[in-house]
Structure formats: structure tokens, C-alpha cells
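Sequential numbering of the first sequence, starting at 1, is according to full-length UniProt numbering. Backbone N, C-alpha and C define an ideal beta-carbon position, used for all residues, glycine too. Because the structure is a prediction, the values reported are computed rather than measured. The structure under discussion appears below in the form of C-alpha cells.
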Amino acid sequence: MGSKVMGEHAANQSKDDMSVRKGPWTVEEDTILTNYVATHGEGHWNFVAHCADLNRTGKSCRLRWLNYLRPDVRRGNITLQEQILILDLHSRWGNRWSKIAEHLPGRTDNEIKNYWRTRVIKQAKQLRCEVNSKQFRDALRHVWIPRLLERVRASSEDQPGSGTERRRPTYCCTPVYAEPELRVSSNSDSRETTGHPIGNGSVTQAAEQGDSLENLWSEENIWFLRQQLCDEF
DNA sequence: AACAGTTTCAACCGCTTTATC
DNA sequence: AGATAAAGCGGTTGAAACTGT
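Here's what the structure looks like:
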């Protein structure tokens, strides 16, 4: 990792430059950082900050690169299948955002974390339960995700084989209608063939139709889920 | 059109882990 | 084995964007 030499650079900088820039990055800064990483590669962020004449901390440079500037970073709407995957993986691992992000190509831990906090927690509140409670986890796992996938299947049957879809991550799962356990391929196996860790086209179509988790959290579904929770607990 | 309240998300902070000497 | 610094991680914040009145 970082050597003492690099550490000296950082230390010197912090001594003679106490007013390190904070806040939003400018286009100019982005360009400098992008060019520097393109030439020298990632890592040694304090060194990068110093040598590229960026008046930023190494930490800030690293974060900006990983969350925004990286060429393979995907931003914008979280697709339906990504939402399902996040729900499923979170039910297994909890707030291990970086670990979850490993299974969503191009998504950052920060983005997943933001998604969770802004969308999922909101829905938990609507259900009047703690987002990390067993109650909510079980609700997601055994009721919500199967129900979601059922809708996905239904919508794929409505629109058989539209060949115009863009490539997106796809979701490989068991027939969850019988068994809610989702099978998420954990590493390279399906990625080798599809470029993504999940692989089934039906979810993609639903996503293409603009379906989203939000649509599923209708009054009717919330009522249904509350009923389920009452029955189970 | 203007304002207030709400939501979203980029970025920071502080702590922990890892690597190096 | 201990000290030090960088990298990594998850929690939190605040400004901008959006929505409702």
C-alpha cells in the first residue's frame, strides 16, 4: 500500500496547505483527476491529490473517482432487478453496502446506501415497523419479493419477446413463487457469459416498462403486506 | 409566482482495517 | 510487536431539486 514516501508528500501538503477545498467538485477538478488517473492509474490518493495539484484530500479524490468519475460507474434510476437484488442481499448481509455493491456492476456503495435510506426505509415507516427488524426482513423476503417477481413474470407473459430492450443486468432466480429464496449467483459464473452476476430477461422487460418498486408499494399492497404481517406475527 | 415542506444524493466525517516499516 | 499512514467503510449532513399549496 502507501509507502512512507507517499506519506511524506501528504504530510508536507497538510502542513503548508491548511485550506483544503471541500464541497462539490468543479468540472475542472474532475478533468484533472480523470486525466491523472487515466495516466497513472488508481490508488495512492494522497499522492494523486498532491501531484495533480488538486487542492483536495486524498480521501476526497478517491471518493470522487469511485462514485462519479470511474468510466464504468452507472448512475440514475435503479432498475427493478437491481432493487430486488438490493432487497435480497440486504436481507442476508445487512448494511454491508460495499459488499452488496459488488453484486451490482457499476453501482457504488454510496448509491445503494442512498437508495436504501431514501426508498426502503420510507416504505418500512409506512408499514410501521423497523427497517432492520426481523418482521420487515421477513416481509420483504417471503412476501414482497415473491410478489414482485410474480408481477414481473406476469408482465413478461403480457409482452412476449420484445427484441428492442437495452442491455441491463438481469436476474437469475429460482421459481420463487413456490420458494421465496432468491438465488443470486455470487461471483464470476454468470458474469462471464452475461457481463452481470444475474441473468434472466423477464425482469428486464418489466424494468423497461417503467415498473419500479415504488409502483408496488400501493395502498393495496401495503394493506396486503400489513395483513400478512398480522397473520404471521 | 412565491413560498414551505420534502426528497434526493454528493460529499464529508470519524472509525476500523490493512499495509508497510 | 508496535507505530504510522493509507485505504476502506458506514453513518450523517446539507444544498439542490422537486412537489404541493
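State yes or no: is the C-beta of Cys129 within less than 8 angstroms of the C-beta of Gln123?
For Cys129 and Gln123, no; Cβs fall outside 8 angstroms.
If you draw a straight line from the C-alpha of Arg74 to the C-alpha of Leu63, how long is it?
Rounded to whole angstroms, Arg74 to Leu63 spans 15 angstroms at the Cα level.
With 16 other CB atoms within 10 Å as the buried threshold, where does Asp88 fall?
Buried, since its Cβ has 16 or more Cβ neighbours within 10 Å.
Best match in Gly94, Asp53, Arg70 and Tyr115 for proximity to Leu80 [C-alpha to C-alpha]:
Leu80 has its Cα closest to that of Tyr115, out of Gly94, Asp53, Arg70 and Tyr115.
Taking Leu127 as the reference, give the member of Ala139, Thr118 and Val27 with the closest Cα.
Among Ala139, Thr118 and Val27, the Cα nearest to that of Leu127 belongs to Ala139.
Suppose contacts are defined by Cβ-Cβ distances below 8 angstroms. Is Gly58 in contact with Ala49 by that definition?
Between Gly58 and Ala49, the gap from beta carbon to beta carbon is short of 8 angstroms.
Mind checking whether Thr108 and Leu66 have CB atoms under 8 angstroms apart?
Yes, the pair counts as a contact, with Cβ atoms nearer than the cut-off.
What is the C-beta distance between Asp72 and Gly106, in whole angstroms, given that I count them as a contact (C-beta under 8 angstroms)?
Asp72 to Gly106, Cβ: 5 angstroms. Contact.
So, is His40 buried or exposed, given that buried needs 16 or more other C-beta atoms within 10 angstroms?
Counting Cβ neighbours within 10 Å, His40 comes out exposed, since fewer than 16 surround it.
Separation of Lys22 from Arg96, as counted between CA atoms
Each residue's Cα considered, the two are about 27 angstroms apart.
The alpha helix (DSSP H) with Arg74 in it runs from where to where?
Taken as a continuous stretch (DSSP letters only), Arg74 belongs to no alpha helix (DSSP H), as it is neither H nor E.
DSSP state of Pro146, grouped into three classes?
In this structure, Pro146 counts as helix in the three-state DSSP scheme.
Considering just the uninterrupted stretch of the alpha helix (DSSP H) at His90, what are its terminal residues?
Residues Leu80 to Trp93.
To the nearest angstrom, how far is it from the Cα of Arg119 to the Cα of Glu111?
Distance between the alpha carbons of Arg119 and Glu111: 12 angstroms.
If you count every other CB in all the chains shown that lies within 10 Å of the CB of residue 243, and 16 or more means buried, which is it?
No answer is possible for residue 243: it lies beyond the span of the chain, which begins at 1 and ends at 233.
Using only CA atoms, which one of Ser91, Val37, Ser60 and Arg117 lies nearest to His142?
Among Ser91, Val37, Ser60 and Arg117, the Cα nearest to that of His142 belongs to Ser91.
Determine the burial state of Glu82: buried for a count of at least 16 other Cβ atoms within 10 Å of its Cβ, exposed for fewer.
By the 16-neighbour rule on beta-carbons within 10 angstroms, Glu82 is buried.
Taking the straight line between their C-alpha atoms, what separation do you get for Ala38 and Arg147?
Near 45 angstroms, if we compare the C-alpha coordinates of Arg147 and Ala38.
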